[in-house]
Amino acid sequence: MRTVITGLTRSKAGRKRWSRSRRSRLTTVGISILAVMVLLAFIGPLMVHNDPLTVNMSERLLAPSWQYPIGTDHLGRCLFSRLAAGAQTTLGIAALALAAVMIIGIPIGLLEGYKRGRADAVLMRMVDAIGAFPDFIMAIAFTGFLGPSLTNLMLSIILVNWIGYARVVRSIVLSEREKEYVLAARAAGCSSWTIIRRHLLPNIISPVIVLAALDIGKIILIIASLSYVGLGGQPPSPEWGAMLNDGRPYFQSNPSLMIYPGLAIMLVVISCNLISEGVRDRLDVKSI
Amino acid sequence: MNQAAGKSIKREAPIVSIEPVLQLENLYICADKGKEHRLLVKDLSLVIRPGETFALVGESGSGKSVTASAVLGLLPHNLQVTEGHILLSGEDIGRLPDKKRRKLRGSKIGFVFQDYQSSFTPFIKLGAQLIETLRSHRSCSRKEAKQAALEWLEQAGLPAERVYESYPFQLSGGQLQRAAMASAMMLEPALLIADEPTTALDVLAGERVLDLLAKLQAKTACAVLLISHDLRHVMKRADTVAVMRHGQLLEQNRADRMERDAGHPYTRMLLEAKPDLMELERMHQSTLSAEA
Amino acid sequence: MTPLLTVHGLNKTYKEKGRSVHALRDVSLSINSGECVGVVGESGSGKSTLVRLLLALEQPDSGESLLDGVPMLSLKGKKLREMRQHMQVVFQDPSSALNQRLPIWRSVMEPLDNFKHVLPAFLADVRHSRLETAKKLLEMVGLQANHLERYPYELSGGQKQRVAIARGISLGPKLLICDEPTSSLDVSVQAQMLKLLTALKRELGMAYLFISHDITAVSIMSDRFIVMKEGRIVDRFSRGQLLGEERHEYTKQLLAAAT
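Structure representation (structure tokens):
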């Protein structure tokens, strides 16, 4: 029996349990916020029938009313509708980017970790080279070079971020493939594909999910920040970061133009972080 | 022991009772799993005298390691001693507050575990760890501590200077376990608990560890509680052997009498589980010569 | 009679942190059908490397291994996989040799699932049903059918090792390599395991390569002994010659420690 030499006293273990339940409550908070945001993206336009893109100069900078639940912006567009449409844009692009990143990164990581041929060394050096650039700089360079647009922004995010997943998956596969149960599977005549699918894939799922939950927040921030400096969403796109940028000149008079999109970004990123922590907790406890 | 200086007053010599180093009296240890209570150790009583090697033998789950943890005060939070006493040199240590219990660990009760890796911090050199151990229980200068550490490593049959400067991962399992033993004995505890010290080692490395144990025990005159799952293996090294199963003590006897007098069927089973190699070979030889 | 397994001059060196470790030096041995050859060696003797090379899980630097006349180490891909059915393994630590996330029946049936066309004689009447086959295999190693749904962590060390043995015999291999099968087990359980292995060997007519650092266990099982030290074979002898004077010094040391 492996005794805990640190001597975990009863009170210490109790404290551990309390903080864990507290964290799971925070995770629920995170999930609810994100759920609300996603709901906003889908149901928002159904609730408020204003076109987020139509310019209506006579309606500009209005205070909240029944028709415009949180007022209008400097071009007479309904802020609420723009927030909802922006949710679709921001969250949609972030989700797409994340999916692409995982679809590219995970298989590469699996193959590289398992096969370990000569290609492995070459690929890893390439990966290191690309990964050496902070994704922000990369995104700026990319969009600056190819022209500012949400598509180019998404491409640059994908280009830089698949590496993280490939690396994580590869390192797990490298360590697991030497374990006895994998050797036993090989001795039992399993093909490489069977081994990857049955024995290695389950091991990478939890770390990847944790990484993904954290990355979503990061990607959303990049999209918003780059749109803020004009390199992402172009007008009249209702992207949150672009909305922040649009609202800048009016900060003194109508701060709500900046506050609402800013709040939206902040809440989504916080909720993603909380969810990622919660996921890590749950999956950590399960693993033996 | 006190030596009366030259006085020859005749007195009624009192019956010299040698105080046992460790005494377990009707010990019960219980595991809590939610609402379930499971008895891991039932009504365990044993006595270990100074200088004695006491072997506690049992299979996994027999409660032997749990007993050791209880003596050391290192039971995990869901296990507790529900009844009985643990007496160290007459003092009931079960009642002591955690702080005092901690002080006993290392200085009065030494321990060596099966997992030799966990005896040392992986990223600190062994010498530094040995010095820290010494200086946390004794007041001495760094120089004195280093000197003592080197001496003990020497005693352990290890290349002292080299091991002193090494990290744990640079030593083999056997070497590390011997270093762990030296580290435990350095503080000259009254009792050393060795929980399956050779189970994770090869035969020859294990023998060296047990030889060292005997040597250091002779030097420090400490008592040893040797825990193992291999009855035959410890019978050679112990003075007293006790067999445990399902938390209860089944049989206890002097080591040299155990083979002959073993009464309980479980003990007999343990003895027969590992046949004597010499016997086996002689049987094979006689079969071969009978066939020839 | 040609031996079932012939190994010529196996050499393997690992490069670790700049140092070269000679794991195997010029190792040659042979095993006949139905025979048990025991390999005694401590850690660092090269026995684990030998197991990996024989199972073609790694490539040697030089040397060859012939199973039934087929050079195993020159095979790749599908051809190699086909040959695997004749040579199976039981590893030392059943906790790490079984995938903790899979239920027992999955682990036991894995070899047969890979070789759907293979039909060992002793499974002839149940092979049509996966469930019946799994049950029969567990029964042969002394476990009950209700263990099928369980996960490794619910079983004791001895039970897990039985599962590993059931898996090892499932393809009816000609050779079963037992890599320290009893070293992780309590003494009381070791004896049962050795009894089981002996019974299975007789019943299924397999040859064994029995590797252990415990010379007593090896001598219970083996017809012939090989003693390894630091990558080399230092002694070879048969049953009944263990106590002979001509034994290597190292063998004598191991004997002295065991008695």
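Protein chains in written order, with this note's numbering: chain A, 1 to 288; chain B, 1001 to 1292; chain C, 2001 to 2259.
Ideal Cβ positions, reconstructed from N, Cα and C, are used throughout, including at glycine.
Check, Outcome
"Cβ neighbour criterion (16 or more within 10 Å) applied to M2140 (chain C)", "buried"
"Cα-Cα separation between V2218 (chain C) and E1132 (chain B), rounded to whole angstroms", "44 Å"
"Proximity test, S1139 (chain B) beta-carbon vs the ligand MG heavy atom, cut-off 7 Å", "The model depicted lacks the ligand MG and carries no ligand whatsoever."
"Bridge partners - M2228 (chain C), DSSP secondary structure assignment", "C:G2041, C:I2233"
"Three-state secondary structure (DSSP) of Q1252 (chain B)", "strand"
"Closest by C-alpha distance to G1034 (chain B), when choosing among B:L1022, B:H1077, B:F1120", "B:H1077"
"Spatial neighbours of S271 (chain A) in its chain, beta-carbon cut-off 6 Å, leaving aside the 5 residues before and after", "G30, I33, L34"
"Start-to-end residues for the beta strand (DSSP E) that takes in Q1080 (chain B)", "1079 to 1088"
"Cβ-based neighbour list, I1018 (chain B), same chain, cut-off 7 Å, excluding 5 preceding and 5 following", "R1049, P1050"
"Sub-8 Å separation of K2012 (chain C) and D2068 (chain C) beta-carbons", "no"
"Alpha-carbon to alpha-carbon, T28 (chain A) and T151 (chain A)", "33 Å"
"The region 2178 to 2198 of chain C in contact with the region 2117 to 2130 of chain C per 3-pair CB rule at 8 Å", "no"
"Euclidean distance between Cα positions of F142 (chain A) and L110 (chain A)", "28 Å"
"Whether A292 (chain A) touches L40 (chain A) by CB criterion (8 Å)", "Because residue 292 (chain A) is not part of the residues shown, which for chain A are 1 to 288, the question remains open."
"Segment limits, alpha helix (DSSP H) that includes D1098 (chain B)", "1098 to 1107"
"Residues near M57 (chain A) in its chain [Cβ-Cβ closer than 8 Å; skip 5 each side]", "L75, G76"
"P2152 (chain C) vs Q2092 (chain C) beta-carbon contact at 8 Å", "no"
"Residues, ordered as in the chain, of the region 2200 to 2222 of chain C that lie near chain B by beta-carbon distance below 8 Å", "H2213, D2214, I2215, T2216, S2219, I2220"
"Members of the region 171 to 183 of chain A near chain C, C-beta cut-off 8 Å", "K179, E180, Y181, L183"
"Local Cβ density within 10 Å of V1041 (chain B), reported as buried at 16 or more and exposed below that", "buried"
"Chain-order list of residues whose beta-carbon lies under 7 Å from that of H199 (chain A) (same chain, five-residue window excluded)", "Y181, V182, A185"
"Coil, strand or helix - L1280 (chain B) by DSSP", "helix"
"Interface residues of the region 181 to 213 of chain A facing chain C [CB-CB below 9 Å]", "Y181, V182, L183, A184, A185, R186, A187, A188, G189, C190, S191, T194, R198, H199, P202, N203"
"Contact under 8 Å by Cβ, T72 (chain A) with L61 (chain A)", "yes"
"Rounded separation between T9 (chain A) and G1090 (chain B) - CA only", "Reliability of the predicted coordinates at T9 (chain A) is poor, the pLDDT of 37 falling under 50, and the value obtained from them is presented with this limitation in mind. Whole-angstrom Cα-Cα distance: 25 Å."
"Beta-carbon proximity list for V269 (chain A), same chain, < 7 Å, skipping 5 on both sides", "G217, I220, L221"
"Inter-residue Cα distance where the pair is G2205 (chain C) and S2033 (chain C)", "8 Å"
"Rounded separation between E1059 (chain B) and P1265 (chain B) - CA only", "15 Å"
"Whether Q1155 (chain B) touches Y1116 (chain B) by CB criterion (8 Å)", "no"
"Min CB distance D2186 (chain C) to chain B below 8 Å", "yes"
"According to DSSP, residues forming a beta bridge with C78 (chain A)", "A:T72"
"Residue-chain proximity (K1033 (chain B), chain C), Cβ-Cβ < 8 Å", "no"
"CB contact flag (A2258 (chain C), L1280 (chain B), <8 Å)", "no"
"Helix, strand or coil at E2180 (chain C) according to DSSP, with G and I counted as helix", "coil"
"Host beta strand (DSSP E) of K2015 (chain C) (start-end)", "2005 to 2016"
"Contact list for the region 1254 to 1274 of chain B against chain C, Cβ threshold 9 Å", "Y1266, M1269, L1270, E1272, A1273, K1274"
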